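Undergrad:
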Amino acid sequence: MSNAPSDSHAFHEAPMADLFAAAVAVPSFVTAVDEPDPRLNHRSRLRARFMQGGAEAMPDYELLELLLFRALPRGDVKPLAKRLLRTFGDLNSVMAAPPDRLAEVPGAGQAVVEQLKIMEALGHRMARARVIKRPVLSSWSQLLEYLRTAMAHQGVERFRVLYLDRKNVLIADEELAEGTVDHVPVYPREVVKRALALNASALILVHNHPSGDPTPSEADVTMTHAIRDAAQILGIVLHDHLIIGKAAEVSFRSEGLL
Numbered sequence: 090m091s092n093a094p095s096d097s098h099a100f101h102e103a104p105m106a107d108l109f110a111a112a113v114a115v116p117s118f119v120t121a122v123d124e125p126d127p128r129l130n131h132r133s134r135l136r137a138r139f140m141q142g143g144a145e146a147m148p149d150y151e152l153l154e155l156l157l158f159r160a161l162p163r164g165d166v167k168p169l170a171k172r173l174l175r176t177f178g179d180l181n182s183v184m185a186a187p188p189d190r191l192a193e194v195p196g197a198g199q200a201v202v203e204q205l206k207i208m209e210a211l212g213h214r215m216a217r218a219r220v221i222k223r224p225v226l227s228s229w230s231q232l233l234e235y236l237r238t239a240m241a242h243q244g245v246e247r248f249r250v251l252y253l254d255r256k257n258v259l260i261a262d263e264e265l266a267e268g269t270v271d272h273v274p275v276y277p278r279e280v281v282k283r284a285l286a287l288n289a290s291a292l293i294l295v296h297n298h299p300s301g302d303p304t305p306s307e308a309d310v311t312m313t314h315a316i317r318d319a320a321q322i323l324g325i326v327l328h329d330h331l332i333i334g335k336a337a338e339v340s341f342r343s344e345g346l347l
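Heads up: the sequence shown is residues 90 to 347, going by my numbering.
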């Protein structure tokens with residue numbers, strides 16, 4: 090498997106701009122009689138600045154404000170936006186935070202939690218759409234982008250398998266297990282069984298390290314070799330195992346571990 094260069098680009102600007110434009114549109118119940126309220130003037134100015142300059146024209150807390158406008162139609166949401174960023178560290182971590190953790194932040198009620206998790210799900214779907222049903226080798230950077238988006242900021246280890254056909258087209262992407270902060274149980278028999286059910290010819294294993302350090306552990310290497318050996322017996326190729334950290338990823342193939 091060739092080692093395509095890793096990149097760290099976020100979502101393509103145009104689709105994300107469209108997504109934000111829909112998310113921050115003025116609700117129909119906000120009418121002209123509300124305009125004298127300075128808080129609504131602030132909201133209008135932020136929306137106008139986003140539509141004119143896009144995401145690049147705004148810091149993270151203002152983008153977060155735009156999302157919170159939908160969940161909290163009245164009031165100043167800037168303190169909550171900054172509180173969320175202080176609590177979780179960055180915008181990606183806010184979106185990826187578990188609902189119960191989000192709800193612990195003062196001011197983040199059910200409507201706020203729902204809005205953030207909806208936006209997270211939409212972001213994942215957009216990134217996934219760029220890789221599913223496409224040849225993996227020719228869309229490697231998009232694949233890494235998708236995996237970073239889906240896994241880099243998760244609070245527990247998650248293990249997923251990418252199933253490929255004979256032309257290395259991604260036919261299925263499935264999460265097989267969820268674990269703790271430093272362990273996820275994986276059973277080679279289940280990985281291979283699912284590959285047979287999907288008539289897959291090749292696999293790419295993926296899991297995350299919530300610590301942020303993607304360095305493979307001894308257990309990671311042992312588990313990978315067990316899956317490789319089980320798949321090989323049935324004529325299924327294990328192309329790679331990717332470990333996703335917060336700022337980087339490690340390829341077993343690139344590191345000579347496969």
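All residues carry an ideal CB built from backbone N, CA and C; glycine is no exception.
Remember, it's a predicted structure, so these values are computed and weren't measured experimentally.
#1: Do three or more CB pairs link the region 275 to 289 to the region 331 to 339 at distances below 8 Å?
#2: Have a look at the DSSP bridge pairing and note the partners of N181.
#3: Which value, in whole angstroms, describes the spacing of the CA atoms of R247 and M312?
#4: Among residues of its own chain, excluding the 5 on either side of L346, which ones have a beta-carbon nearer than 8 Å to its beta-carbon?
#5: Output the distance between the C-alpha atoms of Q231 and V295, rounded to the nearest integer angstrom.
#6: Entirely within the region 210 to 294 and at least 4 residues each: give me those alpha helix (DSSP H) ranges in chain order.
#7: Of the choices M140, N288, P162, L169, whose alpha-carbon is the least far from that of L153?
#8: Any chance the region 210 to 224 sits against the region 163 to 177, with 3 or more Cβ pairs inside 8 Å?
#9: Do G268 and V250 have their CB atoms nearer than 8 Å?
#10: If we count Cβ pairs, one from each stretch, closer than 8 Å, do we get three or more for the region 135 to 146 versus the region 205 to 212?
#11: Excluding the 5 residues flanking D149 on each side, which residues of the same chain have their C-beta closer than 8 Å to its C-beta?
#12: Kindly list the residues whose CB is nearer than 6 Å to the CB of A60, restricted to its own chain and excluding five residues on each side of it in sequence; keep chain order.
#13: If you follow the beta strand (DSSP E) that L331 is in, where does it begin and where does it stop?
#14: What is the rounded straight-line gap between the Cα of A200 and the Cα of N297?
#15: Just tell me which of A315, L191, E203, D271 has its CA closest to the CA of R159.
#16: For L157, I'd like the list of residues in its chain whose CB is within less than 8 Å of its CB, leaving aside the five on either flank, ordered along the chain.
#17: Quick one: measure Cβ to Cβ for M184 and G164, integer angstroms, because I've assumed they're closer than 8 Å.
#18: Assuming A289 contacts I260 (C-beta within less than 8 Å), just tell me the rounded distance between them.
#19: Give the single residue among A137, D271, G301 whose Cα lies nearest to the Cα of E307.
#20: With DSSP collapsed to three states, give me the class of H298.
#21: Relative to the C-alpha of A186, which candidate in P299, L161, Y252 has its C-alpha closest?
#22: According to the Cβ coordinates, are A284 and H328 closer than 8 Å?
#23: Keeping to the same chain, check which residues put their C-beta closer than 6 Å to that of H242; ignore five residues upstream and five downstream.
#24: For a quick check, are the C-beta atoms of V258 and P224 less than 8 Å apart?
#25: Apart from the five residues just before and just after I293, which ones in its own chain have a Cβ nearer than 6 Å to its Cβ?
#26: Could you tell me which residues DSSP puts in a beta bridge with E151?
#27: If you draw a straight line from the alpha carbon of G324 to that of L265, how long is it in whole angstroms?
TA: If we stick to the structure as given:
#1: no
#2: The partner list for N181 (beta bridge, DSSP) is empty, contrary to what the question assumes.
#3: 14 Å
#4: P305, V310, T313, H330
#5: 15 Å
#6: 229 to 240, 277 to 286
#7: L169
#8: no
#9: no
#10: no
#11: L174, D179, L180
#12: Any question about residue 60 goes unanswered here, given that the chain covers just 90 to 347.
#13: 326 to 333
#14: 29 Å
#15: E203
#16: V166, L169, A170, V201, Q204
#17: That pair is no contact at about 22 Å.
#18: 7 Å
#19: D271
#20: coil
#21: P299
#22: no
#23: N181, S182, A185
#24: yes
#25: L251, H328, D329
#26: Bridge partners of E151: none, in fact.
#27: 21 Å
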